[in-house]
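In this note's numbering, the protein residues as written are 271 to 364.
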């Protein structure tokens with residue numbers, strides 16, 4: 271049976287400022303210390319649904335596909351399509 275995990279937190283900043291950082295699907299190294307490098311494969315735009323980012327971790331890698339980006343609702347979803355982490359069927363949303 272699939273596991274579902276929910277994590278919630280409040281960021282004390284205007285949503286527009288936070289979204290300006292979070293919506294950049296290639297910008298994760300700027301706010302996540304475990305991500306050493308991020309590259310959008312094919313050099314396409316990082317806000318194009320379907321783009322794939324390759325994240326270099328401290329020990330390993332993850333490839334993730336952007337599934338949804340909604341500026342009006344301030345959300346995006348993505349899935350892990352390959353990587354060195356022991357996960358399968360991983361879909362996340364912010």
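Just so you know, even glycine gets a beta-carbon here, dropped at the ideal spot from N, CA and C.
The model shown is predicted, which means the values in this text are computed figures rather than measured ones.
(request) Determine which residues share a DSSP beta bridge with residue 324 and list them. (result) Partner(s): 309, 333.
(request) Find the nearest neighbour of residue 356 within the set 330, 336, 286, judged by alpha-carbon distance. (result) Taking only the C-alpha atoms, the option nearest residue 356 is 330.
(request) Tell me where the alpha helix (DSSP H) around residue 361 begins and ends. (result) Element bounds for residue 361: not the alpha helix (DSSP H) but the beta strand (DSSP E), 361-363.
(request) Would you kindly work out how many angstroms separate the C-alpha atoms of residue 316 and residue 338, rounded to a whole number? (result) Answer to the nearest angstrom: the Cα atoms are 12 Å apart.
(request) Taking only the alpha-carbon atoms, compute the straight-line gap between residue 290 and residue 333 and give it to the nearest angstrom. (result) For residue 290 and residue 333, the distance between alpha carbons rounds to 22 Å.
(request) Would you kindly check if the distance between the Cβ of residue 309 and the Cβ of residue 298 is under 8 Å? (result) Result no, Cβ atoms of residue 298 and residue 309 do not sit closer than 8 Å.
(request) Please list, in chain order, all residues of the same chain as residue 342 whose beta carbon is under 6 Å from its beta carbon, the five residues on each side excluded. (result) Within the same chain, no Cβ atom closer than 6 Å to the Cβ of residue 342 is found once the five residues on either side in sequence are excluded.
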